[in-house]
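What follows is a short report on a single structure.
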Amino acid sequence: MILRSRAIWASKGCVIGDAAVRIRGGRIAGVGGYRDLPPDDGETVVDIGESIIFPAFVNAHCHLEYSGLAGEISRDVSFTGWLNQMISIKQSLTHEDHETAWLAGAEMLLRTGCGTVVNIESLPGLYERMAPETLLQVCPFTELIGYHPGDVGEMVDLAKRELMVNASLALNSGLSAHAPYTMTPEALNVLAAYADEHSLSTTIHLAESDDEWELFTAGAGPLYDKMRGLGRVMDDCGTGTPVQHLAKSGGFAKKTLVVHANRLTDDDVHVLRRANADVAHCPRSHDWFGHARFDYDRLAKAGINICLGTDSLASAGGGRETVVLDMFAEMQEFSRNHPNLMSEDILQMATANGAAAMSLENELGQIKDGFMANMTMIPFVGSLSEVPEIIVHHRGPVEMLMIAGRRAFSRGDSIVS
Numbered sequence: 001m002i003l004r005s006r007a008i009w010a011s012k013g014c015v016i017g018d019a020a021v022r023i024r025g026g027r028i029a030g031v032g033g034y035r036d037l038p039p040d041d042g043e044t045v046v047d048i049g050e051s052i053i054f055p056a057f058v059n060a061h062c063h064l065e066y067s068g069l070a071g072e073i074s075r076d077v078s079f080t081g082w083l084n085q086m087i088s089i090k091q092s093l094t095h096e097d098h099e100t101a102w103l104a105g106a107e108m109l110l111r112t113g114c115g116t117v118v119n120i121e122s123l124p125g126l127y128e129r130m131a132p133e134t135l136l137q138v139c140p141f142t143e144l145i146g147y148h149p150g151d152v153g154e155m156v157d158l159a160k161r162e163l164m165v166n167a168s169l170a171l172n173s174g175l176s177a178h179a180p181y182t183m184t185p186e187a188l189n190v191l192a193a194y195a196d197e198h199s200l201s202t203t204i205h206l207a208e209s210d211d212e213w214e215l216f217t218a219g220a221g222p223l224y225d226k227m228r229g230l231g232r233v234m235d236d237c238g239t240g241t242p243v244q245h246l247a248k249s250g251g252f253a254k255k256t257l258v259v260h261a262n263r264l265t266d267d268d269v270h271v272l273r274r275a276n277a278d279v280a281h282c283p284r285s286h287d288w289f290g291h292a293r294f295d296y297d298r299l300a301k302a303g304i305n306i307c308l309g310t311d312s313l314a315s316a317g318g319g320r321e322t323v324v325l326d327m328f329a330e331m332q333e334f335s336r337n338h339p340n341l342m343s344e345d346i347l348q349m350a351t352a353n354g355a356a357a358m359s360l361e362n363e364l365g366q367i368k369d370g371f372m373a374n375m376t377m378i379p380f381v382g383s384l385s386e387v388p389e390i391i392v393h394h395r396g397p398v399e400m401l402m403i404a405g406r407r408a409f410s411r412g413d414s415i416v417s
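Numbering follows full-length UniProt numbering, with no gaps: position 113 of the sequence shown is 113.
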């Protein structure tokens, strides 16, 4: 099949007018100008007219199971206060609540052009049950928490059980040590070593809040008191930054996706670069917590791969407007805070950079021969030079989303329906 459209944004620096893309066996088998891609005998050609085709988004960080929590948590609290509210709410939720929210979140992402998502799975078995219910390519990362010295063996056993099931269902699956303050140094090191031994990706919330910063640099503060009250041994605190703590613990795997990285020293940036870490930034969650401006320039200058994620709806909303998981909204929030950055660079953060963070850079994030046919289509009114900006600032559902060559979502009034 060939799709013809007025424009294709194939990758950074590659906008094609009067464009076409051939799809065979769920993969891209040709892309270019329509006149340069003649149909084979009997091949279907679908002309979608005044539209832009571009790679489906790769959401680098999400918690689908919290998709029902928009506006449920007060913004007028510290990070530790937010964490306390989250713990309380989670204790009241049933398995059915989590399943409903997980699927609702997946549908939100499909409607807004996301094909692949790195999802933190905190409930064992949830991904296995939910994955067959959606075409969204969910990459499950098993969340692990262990702040008591005897927790390591149990965590490794949980990781093994989840990976044994999840790996056969997903493009990529891995491990998510929750955060350095909810892990012992030994646990961080053991999980990183296990990931490297089995060629797994890892992800971790790191340098997220002022409370975390105070816990590790000063050995004090509300998060310090919280974790000490839960029985965590705190003798590894007060000796350096969160990033330095992870490095000293041997907690960086060969493939580590650091989520947030909101407060960093120059040395921290060098540590991240030496560890070959990727960074996932979640602009709307960042704004919701009122963090200082994300240090994109310093990270980018160091050559660190930066990608975008939605985080969860537990740190979004609270106003009158309905909030959904939406990578367009994340790009727009990022653009608002970084107005000098080109739209193409922002778009790459939401596509190819996320794919690279998952070691899927030869599969996703571009419209290119041999890549999976994960593509999004939106209406196009404007000139070719405006294509990246039009994509970044699109609002609402997309016209159509295709995942591995299959239609995953289309608007009822869309020409492609």
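Ideal Cβ positions, reconstructed from N, Cα and C, are used throughout, including at glycine.
*From T134 to E96, what does the alpha carbon distance come to, in whole angstroms?*
Taking the sequence shown and counting its residues from 1, the one referred to as residue 134 is at position 134. Taking the sequence shown and counting its residues from 1, the one referred to as residue 96 is at position 96. So the alpha carbons of these two residues sit roughly 17 Å apart.
*Same chain, Cβ closer than 8 Å to W102, five either side skipped, listed in chain order*: Looking up residue 102 in the sequence shown gives position 102. Closer than 8 Å at Cβ, skipping near neighbours: L64, E65, S67, L126, M130.
*Cα separation between G354 and V58?*
Position 354 of the sequence shown, counting from 1, holds the residue named residue 354. Position 58 of the sequence shown, counting from 1, holds the residue named residue 58. Each residue's alpha carbon lies about 5 Å from the other.
*Measure the C-alpha to C-alpha separation of M234 and S88 and round it to an integer number of angstroms.*
Indexing the sequence shown from 1 puts residue 234 at position 234. Indexing the sequence shown from 1 puts residue 88 at position 88. Spanning the two alpha carbons is a distance of roughly 24 Å.
*Between which two residues does the alpha helix (DSSP H) carrying I346 extend?*
Here the question's residue 346 lines up with position 346 in the sequence shown. Here the alpha helix (DSSP H) through I346 covers 343-349.
*At a Cβ threshold of 8 Å, is R22 touching chain B?*
Here there is only one protein chain, and chain B is not present.
*Where are the beta strand (DSSP E) runs, 3 residues long or more, that stay fully inside the region 53-81, in chain order?*
Taken in chain order, the complete beta strand (DSSP E) segments of 3 residues or longer contained in the region 53-81 are 57-62.
*Kindly list the residues whose CB is nearer than 6 Å to the CB of L325, restricted to its own chain and excluding five residues on each side of it in sequence; keep chain order.*
Here the question's residue 325 lines up with position 325 in the sequence shown. When the five nearest sequence neighbours on each side are left out, the beta carbons in the same chain lying within less than 6 Å of the beta carbon of L325 are those of G105, M108, L109, T310, in order along the chain.
_Just to check my reading of the structure: G113 and V381 have Cβ atoms closer than 8 Å, yes? What is that Cβ distance to the nearest angstrom?_
In the sequence shown, residue 113 corresponds to position 113, counting from 1. In the sequence shown, residue 381 corresponds to position 381, counting from 1. Here G113 is actually not in contact with V381; their C-beta atoms are around 18 Å apart, not less than 8 Å.
*Using only alpha-carbon positions, find the residue among I16, E50, I28 that is nearest to Y34.*
As a first step, residue 34 must be located in the sequence shown, where it is residue number 34. Ranking I16, E50, I28 by Cα distance to Y34 puts I16 first.
*For my contact list, C307 and D278 are in at a C-beta cut-off of 8 Å; report their separation, rounded to the angstrom.*
The residue you call residue 307 lines up with position 307 of the sequence shown. The residue you call residue 278 lines up with position 278 of the sequence shown. Taking 8 Å as the upper bound for CB-CB distance, C307 and D278 are in contact here, some 6 Å apart.
*Ignore the nearest five residues each way along the sequence and tell me which others in E50's own chain have a CB closer than 6 Å to its CB.*
Here residue 50 refers to the residue found at position 50 of the sequence shown. In chain order, R6, F380 place their CB closer than 6 Å to the CB of E50, counting only its own chain and leaving out the 5 sequence neighbours on each side.
_Contact belief for residue 420 with F141 at Cβ below 8 Å, rounded distance in angstroms_ = The structure shown has nothing for residue 420, since the chain only spans 1 to 417.
*asked:* Could you check whether I2 and A20 sit closer than 8 Å to each other, using their CB atoms as the reference points?
replied: Counting from 1 along the sequence shown, the entry for residue 20 is found at position 20. Counting from 1 along the sequence shown, the entry for residue 2 is found at position 2. For A20 and I2, yes; Cβs fall inside 8 Å.
*Look up G370 in the DSSP assignment and give the residues it is bridged to.*
By one-based count along the sequence shown, residue 370 stands at place 370. In the DSSP assignment, G370 is bridged to no other residue.
*If you run the structure through DSSP and keep just helix, strand and coil, what is D18?*
Within the sequence shown, numbered from 1, the residue matching residue 18 stands at position 18. Residue state, collapsed to three classes: strand.
_To the nearest angstrom, how far is the alpha carbon of G146 from that of E389?_
Against the sequence shown, residue 146 aligns to sequence position 146. Against the sequence shown, residue 389 aligns to sequence position 389. C-alpha of G146 to C-alpha of E389: approximately 44 Å in a straight line.
*Is D369 near V31, with beta carbons less than 8 Å apart?*
Along the sequence shown, read from residue 1 onward, the residue named residue 369 stands at position 369. Along the sequence shown, read from residue 1 onward, the residue named residue 31 stands at position 31. In this structure, V31 lies closer than 8 Å to D369 by Cβ.
_To the nearest angstrom, how far is the alpha carbon of R111 from that of F409?_
The sequence position of residue 111 within the sequence shown is 111, counting from 1. The sequence position of residue 409 within the sequence shown is 409, counting from 1. C-alpha separation (whole angstroms): 6 Å.
*Can you give the Cα-Cα distance for N374 and V77, rounded to whole angstroms?*
For this step, residue 374 is matched to residue 374 along the sequence shown. For this step, residue 77 is matched to residue 77 along the sequence shown. C-alpha of N374 to C-alpha of V77: approximately 40 Å in a straight line.
*Kindly indicate which residue of T182, L257, G405 has the alpha-carbon position closest to the one of G231.*
Within the sequence shown, residue 231 is the residue found at index 231, counting from 1. Selected option, being the one with the closest Cα: T182.
*L169 in three-state terms, based on DSSP*: The residue given as residue 169 occupies position 169 in the sequence shown. L169 falls in the coil class under three-state DSSP.
*Is it buried or exposed for P149, if we count other Cβ within 10 angstroms and need 16 for buried?*
Indexing the sequence shown from 1 puts residue 149 at position 149. P149 comes out exposed.
*asked:* Taking only three categories from DSSP, how would you classify F141?
replied: Translated into positions along the sequence shown, residue 141 becomes position 141. The answer is strand: DSSP assigns F141 an E or B state.
*asked:* Can you tell me whether S417 is helix, strand or coil according to DSSP?
replied: Indexing the sequence shown from 1 puts residue 417 at position 417. Only weak support exists for where S417 lies, its pLDDT of 49 falling under 50; the coordinates are left without a value.
*Give the single residue among P55, N305, G405, E330 whose Cα lies nearest to the Cα of R395.*
Here the question's residue 395 lines up with position 395 in the sequence shown. That would be E330, whose Cα lies nearest to the Cα of R395.
*Flag this pair as yes or no: are the beta carbons of L206 and H260 separated by less than 8 Å?*
Counting from 1 along the sequence shown, the entry for residue 206 is found at position 206. Counting from 1 along the sequence shown, the entry for residue 260 is found at position 260. Taking C-beta atoms as the reference points, L206 and H260 count as a pair closer than 8 Å.
*Would you say G309 touches the ligand MN, meaning its beta carbon is less than 7 Å from a heavy atom?*
By its list of ligands, the structure shown contains no ligand whatsoever, and the ligand MN lies outside what it can speak to.
*How close, in whole Å, do the beta carbons of A352 and S11 come, if the pair is a contact with beta carbons under 8 Å?*
The sequence position of residue 352 within the sequence shown is 352, counting from 1. The sequence position of residue 11 within the sequence shown is 11, counting from 1. In this structure A352 is in contact with S11, their Cβ atoms being roughly 6 Å apart against a cut-off of 8 Å.
*Mind pulling the alpha helix (DSSP H) runs of 4 or more residues that sit fully within the region 155-215?*
Runs of the alpha helix (DSSP H) spanning 4 or more residues and lying entirely within the region 155-215 occur at 185-197, in chain order.
_Sheet register partners of T116 (DSSP bridge)_ = For the purposes of this step, residue 116 is taken as residue 116 along the sequence shown, with counting starting at 1. For T116, the beta-bridge partners assigned by DSSP are V58, Q137.
_Segment limits, beta strand (DSSP E) that includes M400_ = Reading the sequence shown from its first residue, position 400 is the one you call residue 400. Note, M400: beta strand (DSSP E), 400-403.
*Looking only at its own chain, which residues have a Cβ that is under 6 Å from the Cβ of A179, when we skip the five neighbours before and after it?*
Here residue 179 is taken as the residue at index 179 of the sequence shown, counted from 1. Cβ within range, chain order: H205.
_Coil, strand or helix - H260 by DSSP_ = For the purposes of this step, residue 260 is identified with residue 260 of the sequence shown, where counting begins at 1. Reduced to three states, the DSSP call for H260 is strand.
_Among S385, D268, K226, Q366, whose alpha-carbon lies nearest the alpha-carbon of W82?_
In the sequence shown, the residue the question calls residue 82 occupies position 82. Closest in alpha carbon position to W82, among S385, D268, K226, Q366, is K226.
*Measure the alpha-carbon distance for S417 versus A404 and round it to whole angstroms.*
Your numbering for residue 417 matches position 417 in the sequence shown. Your numbering for residue 404 matches position 404 in the sequence shown. Residue placement at S417 is flagged as unreliable, the pLDDT there being 49, under the threshold of 50; a coordinate-derived value is accordingly withheld.
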